[in-house]
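**Q** Sharing a structure with you now.
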Amino acid sequence: MTIGERVAFYRQRRGLTQAVLAGLVGRSEDWLRKVEHDVLPLDRLSVLRRLAHALDVALGDVIGEPVLMAGADESGRRTIPALRVALMDHRQFLAGPQPGEPPRLDALAAELATQWGDYQNSRYARLIQRLPLLITETQTACQHYGHTSDDGVRAHTLAASAHQLATAFLTKLGEADLASISASRGLAAAHVSGSDLMIGSLYRSVAHALLSIGEFEQAVALSRAAADRLEPGLGTATPEYLSVYGMLHLVGAVASSRRDNRADTTAFLAEADQAATRVGHDANHLWTAFGPTNVTIHRMTTAMELGDVQVAVHLGPRVNTHGLPVERQARHAIETARAYVRWNRTDDALDVLLAAEQDAPEQVRYHRLSRILVREMIRLPRPATRAVELAYRMGVHAADSHRP
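First residue of the sequence shown: 1, per full-length UniProt numbering; consecutive thereafter.
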C-alpha cells in the first residue's frame, strides 16, 4: 500500500472528507486528492507528520510498515524478532550477576568493531545474524561487572555503543519504536560509563529515534542541549570530540529542516561545518564518518526536506563520497535519486540507484526511502524495464492487497 493509499484509508476510518483533512493540514482539497491517488508524490516528513497528527495516528502508520528482512541463510536464524527479544530480555532487569562465565570484554570489543564495520559496509544480513547476541552479551557484562569498577565502566561503554549500532540499524529499516527502546537503553549505559563522548553519541541516537517517530521539535531540543553539554570542551577538543559534537549539529539540522525552520537548519549546518573544518578531513572517529563531505551530504538532505529540490538536484551528484564508508555513499545515492525523481528525471534516479546497488545491495533493498522511490517508478504508466527488474530484486510490488 502506498503512502497516498494509507492517507485515504485512515481518513475514511476517521470519517473525514478530503476537504476537512486538507484544511487541517493547510492544503487544498485538490492537493489531497492528488496525494491519495499517488499523482503527487509525498515524502517530506514535515508534511507527513502533519497528516499523521490530523489523522491521530503515528507517523509510521502513514509511512508504512517496517521492512521484512529476508533470512540470511538456511540456518533458521531469525532477523528483527531476534533483536527485539535481545533488547527486551528479562534478565537485564534483574539485579546482580547472572549464573555462568561473564563475557570477555576484549572479545566483546573486537566483536563490536566487526559489527560496526558490517554496518558501515552495508552488510545487513551478516549484521542481523550477530547483533542480537552482542546486545545480550553486553547486557550480561554490565550486570556481572557492575557500575563502579574499571571493567564495569568499560562494559557499559561497550553496551552503549552496541545499542547505538542497533538504533542506527533499526531506524534504517523503519523499526521506529524498537529503535527508541534501543536508544534509551544505550543512553542509560552511556551515563553509567561517564564518558562525555559516549553520552553525546547516544544523545544523537535518541535524537535519530525521535526523528523516526516524527518528534522533530524534541529532536531539535535534544540535539541542541547535548551539543551545549559538549561545548565547554571545544577549546581542547580531540578529533573524536569534534566528530561527536559535529554530528549532533547535523542531526539537529535534519530535525530543523523537517520542521521547515530554515534559520535553525542553517545555524546547525554552520556549526557542524566549523567542527568539520577543525577535523580537517573526512574521518570516521567513533564510527561517525564525520568530516567536510558528510556536512555537504547533510546540506543536500536538508535541502530536500525544505522542498528545495532544484538545490538538491544541483548539489547531489557533485558530492564526491568515495572517501566515506559504503553506508554513507549509498545513503547519499538514495537521497540523490529522491531528488531526481522529484525533478522528473527518473532515468537519472535509476542510474544512481543501480550504481548504489552494486556496492550496497542490501542497503538499497531494505532502506525505507529507496523502496518508496522504486515503488513509485514501477507505478508509472510505462515503467522502465530496469525499474521493474530492480523492484523484483528488492521485493517491491506496485501495490499490496493488505490493509494496515
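The beta-carbon is built from N, C-alpha and C at its ideal position, and this holds for glycine as well.
(1) Rounded to a whole number of angstroms, what is the C-alpha to C-alpha distance between L250 and R258?
(2) Quick check: what's the CA-CA separation for G71 versus L127?
(3) Below 8 angstroms between beta carbons: does that hold for V319 and H332?
(4) Quick check on the DSSP output: the alpha helix (DSSP H) that includes Q329 runs from which residue to which?
(5) Beta carbon of R44, beta carbon of L59: below 8 angstroms?
(6) Is the stretch 291 to 308 close to the stretch 234 to 250, with three or more CB pairs under 8 angstroms?
(7) Could you spell out the range, first to last residue, of the alpha helix (DSSP H) harbouring D30?
(8) Could you give the distance in angstroms between the alpha-carbon of K34 and the alpha-carbon of R11?
(9) If you run the structure through DSSP and keep just helix, strand and coil, what is residue 405?
(10) Look up S243 in the DSSP assignment and say whether it is helix, strand or coil.
(11) Could you give the C-beta distance for L230 and V206, rounded to a whole number, given that I count them as a contact under 8 angstroms?
(12) Please list, in chain order, all residues of the same chain as H191 whose beta carbon is under 7 angstroms from its beta carbon, the five residues on each side excluded.
(13) Assuming contact is defined by CB atoms lying nearer than 8 angstroms, are F268 and A283 in contact in what I supplied?
(14) For N121, verify whether its CB is less than 7 angstroms away from any heavy atom of the ligand PLP.
(15) Looking at the unbroken alpha helix (DSSP H) that takes in L158, where does it start and where does it end?
(16) Taking 8 angstroms as the threshold, find out whether the stretch 127 to 143 comes into contact with the stretch 96 to 114 through three or more Cβ pairs.
(17) Of the choices L286, S256 and E217, whose alpha-carbon is the least far from that of L242?
(18) With a Cβ-Cβ cutoff of 8 angstroms, do A330 and V364 count as a contact?
(19) Alpha carbon to alpha carbon, what distance is there between Y340 and L348?
(20) Are residue 408 and S122 touching if we call contact CB-CB under 8 angstroms?
(21) Under 7 angstroms Cβ to Cβ from A162, same chain only, skipping five residues before and after it: list those, please.
(22) Under the rule that 16 or more other beta-carbon atoms within 10 Å means buried, what is L380, buried or exposed?
(23) Taking the straight line between their C-alpha atoms, what separation do you get for A82 and P132?
**A** Well, looking at it:
(1) 13 angstroms
(2) Reliability fails at G71, whose pLDDT of 45 lies under 50, so the model's placement of it is uncertain and no value is given.
(3) yes
(4) V326 to R342
(5) The answer is no: Cβ separation not under 8 angstroms.
(6) yes
(7) E29 to E36
(8) 14 angstroms
(9) Summary: the structure shown does not reach residue 405, with the chain confined to residues 1 through 404, and so no result is reported for it.
(10) It is helical.
(11) About 15 angstroms; that fails the 8 angstroms criterion.
(12) I199
(13) no
(14) Absence of the ligand PLP from the depicted structure is noted, as is the absence of any ligand whatsoever, leaving it without description.
(15) D150 to K172
(16) yes
(17) L286
(18) In this structure, A330 sits near V364, with a CB-CB distance shorter than 8 angstroms.
(19) First, the residue type needs correcting, since residue 348 is Asp and not Leu in the sequence shown. Distance between the alpha carbons of D348 and Y340 is about 6 angstroms.
(20) In the structure as shown, the chain begins at 1 and stops at 404. Residue 408 is therefore absent and cannot be evaluated.
(21) L112, L134, I135 and T138
(22) L380 comes out exposed.
(23) 6 angstroms
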